[in-house]
Amino acid sequence: MTPERLARFEANRRRLFGVAYRLLGEASAAEDVVQDAYLRWERCDTAVSPEAWLTTVVTHLCLDRLTSARARRERYVGTWLPEPILTGGPHDPLEAVTQRELLSMGMLVLLERLTPPERAVFVLREAFGHSHREIAEILGVTEPHARQLYRRAQRHVAEERTRFTPSPEQGEVLLRRFMAATLAGDVAALERMLADDVVAWADGGGKAPATRGPVTGREQVVRHLLALTRYASRIGFEPETVNGQPALAFYLDDRLAGVTVVEFDHDRVVTIRAVANPDKLAYVAKQKI
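Sequential numbering from 1 applies to the sequence shown in the UniProt record's numbering.
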């Protein structure tokens, strides 16, 4: 490959990773897809637009993977959550996040409900601003069909999009207050911070302690959080930006043991998503080296 062609690929790498990650919800798989696209680009000797050609290749590679991924996730032990990535720092693998909601854990979970074509259309349209004509060409469908897929995807996610997203500064303050109350076992403070219908999800993948399903309601979630106090002397945490959202990286005996994203509706906690599966923490650990 000539230096010029390599440079053209590298100019697109972050955007391609962004497409693949939003489609798959797995950083490691997104890296594999981008590498596969690179190998195909290396063998391609036709005069093509690199952005359009590579976007098409990456999208179709992801569509192939999504079919088998759905079957794997049906066999997954406990709750499946997306693989977290650190964003906003020097090791951010993505382009500047202009629409944080479209990268958030909550949105990626919602996108799991879509069919692979619906997910592709939604991501290409909302996250990357492709026209319906461009999306139709990428997917190899008619433009009316692309529009129909987009409308279906919109309907699926419209009712459950994030109610309120605090600024990074607000989010960090709220997270620190929430974590301090949790580790101190301050029941009154936790009850004030949790919404009535709060839901906590945990992904251990059968490889780390985690609830198998959601914990719902203020009383149940408080009880769930208080179980952490037994490890208070061994737990450390660092505020991070994960998937464009304020989050906490947890360390147990100085080893990365989890990443937790807490979603707020103003100053009330509405959703807690904790990833403890060590396989899903490997990418974050690599970013922090």
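Note that beta-carbon positions come from the ideal geometry of N, C-alpha and C, so glycine has one too. Quick caveat, the model's predicted, so the values are computed rather than measured.
Looking at the structure shown, is residue i part of a helix, part of a strand, or coil, going by DSSP?
i: GLY18; result: helix
i: VAL261; result: strand
i: ALA247; result: strand
i: GLY106; result: helix
i: PHE128; result: coil
i: THR241; result: strand
i: LEU24; result: helix
i: LEU81; result: coil
i: LEU54; result: helix
i: HIS114; result: Looking at the sequence itself, residue 114 is Leu, so the reference to His does not match. Note: LEU114 maps to coil in three-state DSSP.
i: ILE289; result: coil
i: VAL97; result: Note that VAL97 has pLDDT 47, beneath the 50 cutoff, so the model's placement of it is unreliable and the number below is only indicative. In this structure, VAL97 counts as coil in the three-state DSSP scheme.
i: THR2; result: coil
In or out: residue i buried (at least 16 other Cβ within 10 Å) or exposed?
i: HIS130; result: buried
i: THR2; result: exposed
i: LEU86; result: buried
i: LYS280; result: buried
i: GLU219; result: exposed
i: PRO144; result: exposed
i: VAL77; result: exposed
i: VAL48; result: exposed
i: PRO209; result: exposed
i: ILE289; result: exposed
i: ALA180; result: exposed
i: ARG212; result: exposed
i: TYR283; result: buried
i: GLU169; result: exposed
i: ALA37; result: buried
i: TYR260; result: Residue identity differs from the one stated: residue 260 is Thr in this sequence, not Tyr. Per the 10 Å Cβ criterion, buried.
i: ALA153; result: buried
i: residue 296; result: Nothing about residue 296 can be read from this structure; the chain reaches only from 1 to 289.
For residue i, which beta-bridge partners are listed by DSSP?
i: ARG273; result: TRP201, VAL261
i: ARG72; result: Paired residues: none, contrary to the question.
i: ARG268; result: ASP265
i: LEU86; result: VAL242
i: GLY236; result: TYR251
i: LEU281; result: Bridge partners of LEU281: none, in fact.
i: LEU149; result: LEU149 is not bridged to any residue.
Chain B beta carbons: is any one of them nearer than 7 Å to that of residue i?
i: VAL109; result: The structure shown contains no chain B; it is built from a single protein chain.
Do the segment 50-69 and the segment 9-25 meet, that is, are 3 or more Cβ pairs less than 8 Å apart? Result yes; three or more Cβ-Cβ pairs closer than 8 Å.
*asked:* So, does the segment 49-64 touch the segment 116-128, judging by three or more C-beta pairs under 8 Å?
replied: At 8 Å Cβ cutoff, the stretches touch.
Entirely within the segment 165-230 and at least 4 residues each: give me those alpha helix (DSSP H) ranges in chain order.
-> Restricting attention to alpha helix (DSSP H) runs no shorter than 4 residues, the segment 165-230 encloses them at 168-184, 187-193, 218-226, ordered along the chain.
Worksheet item: Is there contact between the segment 207-225 and the segment 242-254, where contact requires at least three CB pairs shorter than 8 Å?
Response: Segment contact: the segment 207-225 against the segment 242-254, fewer than three CB-CB distances shorter than 8 Å; contact not assigned.
| request: Inspect the CB distances between the segment 39-56 and the segment 9-21 and report whether three or more fall short of 8 Å. | output: Of all C-beta pairs linking the segment 39-56 to the segment 9-21, three or more are shorter than 8 Å, placing the two stretches in contact.
query: Does the count of Cβ pairs from the segment 49-57 and the segment 181-193 closer than 8 Å reach three?
result: With a cut-off of 8 Å on Cβ pairs, the segment 49-57 is not in contact with the segment 181-193, counting fewer than three such pairs.
So, do the segment 196-207 and the segment 266-282 have three or more beta carbon pairs nearer to each other than 8 Å?
Output reads yes: the segment 266-282 touches the segment 196-207.
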